[in-house]
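Enquirer:
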Amino acid sequence: MFKRPTLKRMSVLLFGLAFAALGHAAEESFEAGKHYFVIEPPQATNTGDKVEVVEVFSYACPACNMFQPTMAKLKAGLPANVEMVYLPAAFRPDEDWPVFQRAFYAAQALGILDKTHEATFDAIWKDEGSLRISDPKTRRPVKQMPKIEDVGAFYATTAGIKAEDFVGVANSFAVNTKMKRADSMIKAYGVDSTPTIVVAGKYRLTAASAGAVDKVAPLVKFLIEKESAGKP
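In structure tokens, the structure reads:
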């Protein structure tokens, strides 16, 4: 006899189906030290009782720009007990990474990150983008890299804020503190390239370590399940 599923049961089923779309982790064979790396000591997370999945990235990183479709699919398929967090890196000042790290935290503080995140990638990497860091023809770095004021002007049109308000927040003590903490966390994670994904503050991986871009989602799922099950 067919029984109408409860709302709770339906929610669990839907999350399960969505997460299954990330890949069949059970069918994969992932090894510590090869496909992913254990972070010692493990780092504290900021997502409460949810499993934290962090993307260490930079808007000015070409590989991160190319990786965005993979991240979008990964984020869309995460179950209810997982939260995605972005951690902007700044270890390439020659490519303007500190400016975009500052921009990320200012946008986050102003509550406009949902409007600016993808738009910032486009403004840097599309040929007509106003925040380009390289010439679209020669692919060489531009002589005058974007300043935080340039980002503010772009965000004013993108997110409907005042450019001067954005710049004020970007140069605030709170944002400076977040930038220093981000640098410390990236060092503690052992991250030396972007994009890098960190799961639960314990496991670090890249597309290269996973074996291919299409192996990232199954590997992340494997590590989430490992963490959820409390396995060492």
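For the sequence shown, counting from 1, position 29 maps to 145 in my numbering; every step adds exactly one. No residue lacks a Cβ here, since even glycine has one placed at the ideal position from N, Cα and C.
Look up Leu229 in the DSSP assignment and say whether it is helix, strand or coil.
Expert: Residue mapping note: residue 229 aligns to position 113 of the sequence shown, counting from 1. DSSP places Leu229 in helix when its eight states are reduced to three.
Enquirer: Give the single residue among Ala196, Glu156, Asp243, Val201 whose Cα lies nearest to the Cα of Phe173.
Expert: By 1-based counting over the sequence shown, the position of residue 173 is 57. Nearest C-alpha to Phe173: Val201.
Enquirer: Use the C-beta contact count for Asp330: other C-beta atoms within 10 angstroms, 16 or more gives buried, fewer gives exposed.
Expert: Within the sequence shown, numbered from 1, the residue matching residue 330 stands at position 214. Under this definition Asp330 is an exposed residue.
Enquirer: Keeping to the same chain, check which residues put their C-beta closer than 7 Å to that of Phe207; ignore five residues upstream and five downstream.
Expert: Taking the first residue of the sequence shown as 1, we reach residue 207 at position 91. Only Trp213 meet the Cβ criterion.
Enquirer: Among Asn197, Val291, Leu335, Pro185, which one has its Cα closest to the Cα of Ala148?
Expert: Taking the first residue of the sequence shown as 1, we reach residue 148 at position 32. That would be Leu335, whose Cα lies nearest to the Cα of Ala148.
Enquirer: Would you mind listing the alpha helix (DSSP H) stretches within the region 282–331 that are 4+ residues and don't spill past its ends, in chain order?
Expert: 289–305, 323–326
Enquirer: Can you find at least 3 beta carbon pairs, one from the region 156–168 and one from the region 313–320, that sit closer than 8 Å?
Expert: Look at the beta carbons and you see the region 156–168 touching the region 313–320: at least three pairs across the two are nearer than 8 Å.
Enquirer: Compute the Euclidean distance between the alpha carbons of Gly268 and Gln260, then round it to the nearest angstrom.
Expert: On the sequence shown, residue 268 is found 152 positions in, with the first residue counted as 1. On the sequence shown, residue 260 is found 144 positions in, with the first residue counted as 1. Each residue's alpha carbon lies about 16 Å from the other.
Enquirer: Please report the residue range of the beta strand (DSSP E) in which Glu171 lies.
Expert: If you number the sequence shown from 1, residue 171 lands on position 55. Glu171 -> beta strand (DSSP E) spans 167–173.
Enquirer: Less than 7 Å between the beta carbons of Asp243 and Pro252, yes or no?
Expert: In the sequence shown, counting from the first residue as 1, residue 243 sits at position 127. In the sequence shown, counting from the first residue as 1, residue 252 sits at position 136. Cβ atoms of Asp243 and Pro252: closer than 7 Å.
Enquirer: Please determine, among Ala328, Met301, Glu199, the residue with the shortest C-alpha to C-alpha distance to Thr163.
Expert: If you number the sequence shown from 1, residue 163 lands on position 47. Comparing Cα positions, the closest option is Glu199.
Enquirer: Below 7 Å CB to CB, which residues in the same chain sit around Ile302 once its five sequence neighbours on both sides are set aside?
Expert: For the purposes of this step, residue 302 is taken as residue 186 along the sequence shown, with counting starting at 1. Val172, Leu203, Ala205, listed in sequence order.
Enquirer: Is it right to say Phe289 is buried, meaning 16 or more other beta carbons lie within 10 angstroms of its own, or is it exposed?
Expert: If you number the sequence shown from 1, residue 289 lands on position 173. Label assigned to Phe289: exposed.
Enquirer: Whole angstroms is fine: what's the gap from Val215's alpha carbon to Phe146's?
Expert: Reading the sequence shown from its first residue, position 99 is the one you call residue 215. Reading the sequence shown from its first residue, position 30 is the one you call residue 146. Taking the straight line joining both Cα atoms gives about 36 Å.
Enquirer: Report back the beta-carbon spacing between Ile228 and Ile277 to the nearest angstrom; my notes put them in contact at under 8 Å.
Expert: The residue you call residue 228 lines up with position 112 of the sequence shown. The residue you call residue 277 lines up with position 161 of the sequence shown. Correct: roughly 6 Å between the Cβ atoms.
Enquirer: Run through the region 189–225 for me and flag every whole alpha helix (DSSP H) of 4 or more residues, listed as ranges in chain order.
Expert: none
Enquirer: For Gly245, which option in Asn197, Pro262, Phe282 has the closest C-alpha, if you only look at C-alpha atoms?
Expert: To locate residue 245, count along the sequence shown from 1; it is residue 129. Closest option to Gly245, Cα to Cα, is Pro262.
Enquirer: Kindly identify the DSSP beta-bridge partner or partners of Ser250.
Expert: Along the sequence shown, read from residue 1 onward, the residue named residue 250 stands at position 134. Paired residue(s): Pro257.
Enquirer: Output needed for Ala328: all residues of its chain with C-beta closer than 8 Å, excluding positions within five of it in sequence on either side, in chain order.
Expert: Along the sequence shown, one-based indexing puts residue 328 at 212. Answer for Ala328: no residue qualifies.
Enquirer: Take Pro257 as the anchor and find which of Lys189, Pro158, Lys150, Glu211 has the nearest alpha-carbon.
Expert: Residue numbering aside, residue 257 sits at position 141 when the sequence shown is read from its first letter. Per the C-alpha coordinates, the member of Lys189, Pro158, Lys150, Glu211 positioned closest to Pro257 is Glu211.
Enquirer: Is it true that the CB of Thr232 sits closer than 7 Å to the CB of Tyr271?
Expert: For this step, residue 271 is matched to residue 155 along the sequence shown. For this step, residue 232 is matched to residue 116 along the sequence shown. Yes, these two residues count as a Cβ contact at 7 Å.
Enquirer: Among all the DSSP beta bridges, which residues are the ones paired with Ala148?
Expert: Residue numbering aside, residue 148 sits at position 32 when the sequence shown is read from its first letter. Bridge partners of Ala148: Tyr152.
Enquirer: Check this for me: beta carbons of Phe237 and Asn181, under 7 Å apart or not?
Expert: In the sequence shown, residue 237 corresponds to position 121, counting from 1. In the sequence shown, residue 181 corresponds to position 65, counting from 1. Yes, these two residues count as a Cβ contact at 7 Å.
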